[in-house]
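Asks: For the sequence shown, the residue numbers in the working numbering are 10 to 537.
Even glycine gets a Cβ: it sits at the ideal position worked out from N, Cα and C.
My questions will all concern the structure given below.
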Amino acid sequence: PVPIPVDRDVTQIILDLLAEKPQIRSDADLPQTSQQDVKAALDRLASRSMVTYQTADSEQVLLTKESQTIVDEGSHEWKVWDAVKRNGKVAIKELPGLVLNADVKVGQGNAFRNKWIKKDGDSLVPLVDEVQDTTRAQLQKIAETKSVAEAKTLADLKKRKLVTTSKVFTYTAEKGPKYAREIPVEHTDLTADMLADGSWQTASFKPYNFNALGASQNAGALHPLMKVRAEFRNIFFNQGFVEMPTSRFVDSGFWNFDALFVPQQHPARDMQDTFFISDPAAADLPREDTAAEKAMNEMEEGSRNLYASSDPEKKIKPRDYEQYWKNIQDVHQDGAFGSIGYRYPWSKDECLRLVLRTHTTAVSTWVLHRLAEDPRPARYFSIDRVFRNETVDATHLAEFHQIEGVIADFGLTLGGLQKFLESFFAQIGITNLRFKPAYNPYTEPSMEIFGYHVGLGKWVEIGNSGMFRPEMLLPMGLPEDLRVYGFGLSLERPTMIKYGVSNIRDLLGHKVDLGFIESNAAVRLDKN
Ligand code: PHE
10 PVPIPVDRDV
20 TQIILDLLAE
30 KPQIRSDADL
40 PQTSQQDVKA
50 ALDRLASRSM
60 VTYQTADSEQ
70 VLLTKESQTI
80 VDEGSHEWKV
90 WDAVKRNGKV
100 AIKELPGLVL
110 NADVKVGQGN
120 AFRNKWIKKD
130 GDSLVPLVDE
140 VQDTTRAQLQ
150 KIAETKSVAE
160 AKTLADLKKR
170 KLVTTSKVFT
180 YTAEKGPKYA
190 REIPVEHTDL
200 TADMLADGSW
210 QTASFKPYNF
220 NALGASQNAG
230 ALHPLMKVRA
240 EFRNIFFNQG
250 FVEMPTSRFV
260 DSGFWNFDAL
270 FVPQQHPARD
280 MQDTFFISDP
290 AAADLPREDT
300 AAEKAMNEME
310 EGSRNLYASS
320 DPEKKIKPRD
330 YEQYWKNIQD
340 VHQDGAFGSI
350 GYRYPWSKDE
360 CLRLVLRTHT
370 TAVSTWVLHR
380 LAEDPRPARY
390 FSIDRVFRNE
400 TVDATHLAEF
410 HQIEGVIADF
420 GLTLGGLQKF
430 LESFFAQIGI
440 TNLRFKPAYN
450 PYTEPSMEIF
460 GYHVGLGKWV
470 EIGNSGMFRP
480 EMLLPMGLPE
490 DLRVYGFGLS
500 LERPTMIKYG
510 VSNIRDLLGH
520 KVDLGFIESN
530 AAVRLDKN
């Protein structure tokens, strides 16, 4: 059995009315019921062929607040005439005090034109003892009939803001082929019992309501950052990039700094810029990381692209970490691989300090040193979280996401990097790149990237890039003629542009409005 629906009363009233007469009209027979309820009830009955109905629309003329007052109390001119007549003679400047709820100017003008009053010096005197308030009578009639016979009159009244019009629907209903005095008991399910006892043959089933809206689902929502991340991942995957395993937020100074030829006195290694971990006090010496190794192998295999290793054997060959460690010490302290080095006493302790990684380039470094076992053209990318000990403000957080790309190949040139970046950023709607010389300890040359954002109509700083230094690549064991591009940008920046967010704290952290997360649209980077 079906639960009693809300419109049950209206459906029953309609069925009862149709028992009395062959046809009903919603405006005449159901004047108190809303159009919406009438339609819902008729639809319900029509879907069971119990009634048939037609819809007609017409225009209804309605009074405004001003004209309703005229209907209730009299027109402006009548009120002016009435005040003058009651007092016999009224000084013009006193008239406003005697007439309530009316436009005295309009009323006075009309009363003159109707020859109801006249001027006598500075006063007004009545001309007639009785008047016909035709304005009021006209509006009264409109209130009753909800219509105006002449189009010109209607237009005139509308212009004077005395009436408005609105569309109304009238439904005319008749008995349908399955008309009955009541909606029969309806089943929603065909049960085993009904099949067994044969009652299914006579039972009436509730028809499907294909117009019903589904129940709203309390579904999860992707964070805008994750949506934009998905877009970037596609751009990278479409160009043969393999994703790097970035699941490690804590790393050693070795992978985050030293292996990147960042000197131990570099300001970025200061407490002010980097979060150091106090427990455990130090990292192990660099060594095989089987979990990362496994993840990287899977990602390379999964990508099955142009740049995957030709020799699967080589991927699992253990590397000589002792040699790599010594190479790093040499290149910093004494100079090596054709470089004069920084020439300072290199500290092992400093190198083994644990940090919250300040950039995903720490992972790129690990992946590049892994590439040295099977040097070949390769493309890698990552999008993950990094940490900087910064003062939090509208555009800076202590943690954010970095998008990073790395391209290794023989014979790469700086012009090639610029060309690549142009095509990369064009895909997110940023064209006309400009490059500004910059400094990174691990790239030479280095370039800041500026771009013209078509949607914003202005130049924006979008990232940092460069060609990794030999001091970083040669200690890994990569061949001399293999060059490597690197570039990085934040994920927050393009996301803020895309979603029009001006304060980064509205996007990430405890102040984020969940309504914003749930309601924002899917992202199409190329369209804005
Ligand atoms: N690590 C750089 C940053 O933090 C980005 C970058 C990556 C620059 C690779 C050059 C090469 O901004």
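Across which residues does DSSP place ALA417 in a beta bridge pair?
Replies: Position 408 of the sequence shown, counting from 1, holds the residue named residue 417. Beta-bridge pairing links ALA417 to ALA387 and VAL493.
Asks: Where does HIS378 fall in DSSP's three states?
Replies: Counting from one through the sequence shown, the residue named residue 378 turns up at place 369. In this structure, HIS378 counts as helix in the three-state DSSP scheme.
Asks: Does the ligand PHE have a heavy atom nearer than 7 Å to the CB of SER474?
Replies: The residue you call residue 474 lines up with position 465 of the sequence shown. Yes.
Asks: According to DSSP, is ASP38 helix, strand or coil?
Replies: Along the sequence shown, read from residue 1 onward, the residue named residue 38 stands at position 29. ASP38 falls in the helix class under three-state DSSP.
Asks: Which class does ILE151 belong to by DSSP, given the choice of helix, strand or coil?
Replies: Here residue 151 refers to the residue found at position 142 when the sequence shown is read from its first residue. If DSSP states are grouped into helix, strand and coil, ILE151 belongs with the helices.
Asks: Consider the C-beta atom of THR255 and the heavy atoms of the ligand PHE; say whether any pair is separated by less than 7 Å.
Replies: Residue 255 sits at position 246 when you count from the first residue of the sequence shown. Here the distance from the Cβ of THR255 to the nearest heavy atom of the ligand PHE is not below 7 Å.
Asks: For the beta strand (DSSP E) holding GLN63, just list the boundary residues, first then last.
Replies: As a first step, residue 63 is located in the sequence shown; it is residue number 54 there, counting from the start. Note, GLN63: beta strand (DSSP E), 60 to 72.
Asks: Given 7 Å as the limit, tell me if THR404 has its C-beta closer than that to any heavy atom belonging to the ligand NAD.
Replies: Among the ligands modelled here, namely the ligand PHE, the ligand NAD does not occur.
Asks: I need the boundaries of the alpha helix (DSSP H) containing HIS341, first residue and last residue.
Replies: For this step, residue 341 is matched to residue 332 along the sequence shown. 330 to 342 is the span of the alpha helix (DSSP H), which, as asked, contains HIS341.
Asks: Just reading off the beta strand (DSSP E) that MET456 is part of, what are its end residues?
Replies: Here residue 456 corresponds to residue number 447 of the sequence shown, with the count starting at 1. 452 to 462 is the extent of the beta strand (DSSP E) around MET456.
Asks: Hey, is HIS368 close to the ligand PHE, as in C-beta under 7 Å from one of its heavy atoms?
Replies: Numbered from 1 along the sequence shown, position 359 holds the residue referred to as residue 368. Because some heavy atom of the ligand PHE lies under 7 Å away, the Cβ of HIS368 counts as near it: yes.
Asks: From the DSSP secondary-structure annotation, give me the bridge partner or partners of MET476.
Replies: As a working note, residue 476 is residue 467 in the sequence shown. Its beta-bridge partners are TYR494.
Asks: Distance check for GLN248 and VAL376, CA to CA, integer angstroms please.
Replies: Here residue 376 refers to the residue found at position 367 of the sequence shown. Here residue 248 refers to the residue found at position 239 of the sequence shown. VAL376 and GLN248: Cα-Cα distance of roughly 18 Å.
Asks: Please name the residue in GLY424, GLU399 and THR374 whose C-alpha comes closest to that of PRO414.
Replies: Residue mapping note: residue 414 aligns to position 405 of the sequence shown, counting from 1. As written in the sequence, residue 414 is Gly, which differs from the Pro given in the question. Checking every option, the nearest Cα to that of GLY414 belongs to THR374.
Asks: Since PHE245 and PHE390 are thought to touch, with beta carbons under 8 Å apart, how far apart are those beta carbons, to the nearest angstrom?
Replies: On the sequence shown, position 236 is the one that residue 245 refers to. On the sequence shown, position 381 is the one that residue 390 refers to. Correct: roughly 4 Å between the Cβ atoms.
Asks: How is GLN44 classed by DSSP in three states: helix, strand or coil?
Replies: Here residue 44 corresponds to residue number 35 of the sequence shown, with the count starting at 1. GLN44 falls in the helix class under three-state DSSP.
Asks: Is the beta carbon of ASN449 within less than 7 Å of some heavy atom of the ligand PHE?
Replies: If you number the sequence shown from 1, residue 449 lands on position 440. Yes, since a heavy atom of the ligand PHE falls inside the 7 Å radius drawn around the Cβ of ASN449.
Asks: Just verifying my parser: in three-state terms, what is the DSSP assignment at LEU171?
Replies: Walking along the sequence shown from the start, residue 171 turns up at place 162. Correct three-state label for LEU171: coil.
Asks: Is the separation between the beta-carbon of GLU139 and that of GLN32 shorter than 8 Å?
Replies: Start at 1 with the first residue of the sequence shown, and residue 139 comes out as number 130. Start at 1 with the first residue of the sequence shown, and residue 32 comes out as number 23. No, they are not a contact pair.
Asks: Tell me, to the nearest whole angstrom, how far the beta carbon of LEU437 is from that of ILE458; I am working on the premise that it is less than 8 Å.
Replies: The sequence position of residue 437 within the sequence shown is 428, counting from 1. The sequence position of residue 458 within the sequence shown is 449, counting from 1. In the sequence on display, residue 437 carries Ile and not Leu. Going by Cβ atoms, the distance from ILE437 to ILE458 rounds to 12 Å, so no, they are not a contact pair.
Asks: Give the secondary structure of LYS176 by DSSP, where H, G and I count as helix, E and B as strand, and everything else as coil.
Replies: On the sequence shown, residue 176 is found 167 positions in, with the first residue counted as 1. Note: LYS176 maps to strand in three-state DSSP.
Asks: Could you tell me which residues DSSP pairs with ILE101 in its beta bridges?
Replies: As a first step, residue 101 must be located in the sequence shown, where it is residue number 92. Answer is none; ILE101 lacks a bridge partner.
Asks: Which same chain residues end up closer than 8 Å to LEU406 when comparing Cβ atoms and leaving out the 5 residues on each side of it in sequence?
Replies: Walking along the sequence shown from the start, residue 406 turns up at place 397. Hits under 8 Å: GLU399, GLU501, ILE513, ARG514, LEU517 and GLY518.
Asks: Where DSSP assigns a beta bridge to ASN449, which residues make up the other side?
Replies: For this step, residue 449 is matched to residue 440 along the sequence shown. According to DSSP, ASN449 bridges with THR452.
Asks: Ordered along the chain, which non-local residues of its own chain (more than five positions away) have a Cβ less than 6 Å from that of TRP87?
Replies: What you label residue 87 is simply residue 78 of the sequence shown in a count that begins at 1. Same-chain partners within the cutoff: ASP142.
Asks: What do you get for TYR217, buried or exposed, if any count of 16 or more other CB atoms within 10 angstroms of its CB means buried?
Replies: Translated into the one-based positions of the sequence shown, residue 217 becomes position 208. It is exposed - the Cβ of TYR217 has fewer than 16 other Cβ atoms within 10 Å.
Asks: Can you give the beta carbon distance from GLU240 to VAL532, rounded, assuming they're within the 8 Å contact cut?
Replies: Numbered from 1 along the sequence shown, position 231 holds the residue referred to as residue 240. Numbered from 1 along the sequence shown, position 523 holds the residue referred to as residue 532. That belief holds up - the Cβ atoms of GLU240 and VAL532 are roughly 6 Å apart, short of 8 Å.
Asks: Would you say the beta carbon of THR452 comes nearer than 7 Å to a heavy atom of the ligand PHE?
Replies: Residue mapping note: residue 452 aligns to position 443 of the sequence shown, counting from 1. Checking the Cβ of THR452 against the ligand PHE gives yes.
Asks: Roughly how many whole angstroms lie between the Cα atoms of ARG53 and GLU75?
Replies: Locating residue 53 in the sequence shown gives position 44, where the first residue counts as 1. Locating residue 75 in the sequence shown gives position 66, where the first residue counts as 1. Each residue's alpha carbon lies about 41 Å from the other.
Asks: So LEU269 and PRO450 are supposed to be a Cβ contact under 8 Å. How far apart are they, rounded?
Replies: For the purposes of this step, residue 269 is taken as residue 260 along the sequence shown, with counting starting at 1. For the purposes of this step, residue 450 is taken as residue 441 along the sequence shown, with counting starting at 1. With a beta-carbon spacing of about 7 Å, LEU269 and PRO450 fall inside the 8 Å limit used to define contacts.
Asks: I need the boundaries of the alpha helix (DSSP H) containing SER528, first residue and last residue.
Replies: Taking the first residue of the sequence shown as position 1, residue 528 is located at position 519. 523 to 528 is the extent of the alpha helix (DSSP H) around SER528.
Asks: Keeping to the same chain, check which residues put their C-beta closer than 6 Å to that of VAL70; ignore five residues upstream and five downstream.
Replies: Position 61 of the sequence shown, counted from the first residue, corresponds to residue 70. Once the five neighbours on either side are set aside, the close Cβ partners of VAL70 are ILE151, LYS155, SER156, VAL157, VAL172 and THR174.
Asks: CB-CB under 7 Å to MET485, same chain, minus the five flanking residues each way: which ones, in chain order?
Replies: Walking along the sequence shown from the start, residue 485 turns up at place 476. Answer for MET485: TYR333, LEU377, HIS378 and ALA381, listed in chain order.
Asks: So is ALA417 buried or exposed if we call it buried at 16+ other beta carbons inside 10 Å?
Replies: Within the sequence shown, residue 417 is the residue found at index 408, counting from 1. ALA417 comes out buried.
Asks: Under 8 Å between the Cβ atoms of ALA301 and ARG362?
Replies: Start at 1 with the first residue of the sequence shown, and residue 301 comes out as number 292. Start at 1 with the first residue of the sequence shown, and residue 362 comes out as number 353. No, these two residues do not count as a Cβ contact at 8 Å.
Asks: Between GLY497 and the ligand PHE, is the CB less than 7 Å from at least one heavy atom?
Replies: On the sequence shown, position 488 is the one that residue 497 refers to. Yes, the Cβ of GLY497 comes within 7 Å of a heavy atom of the ligand PHE.
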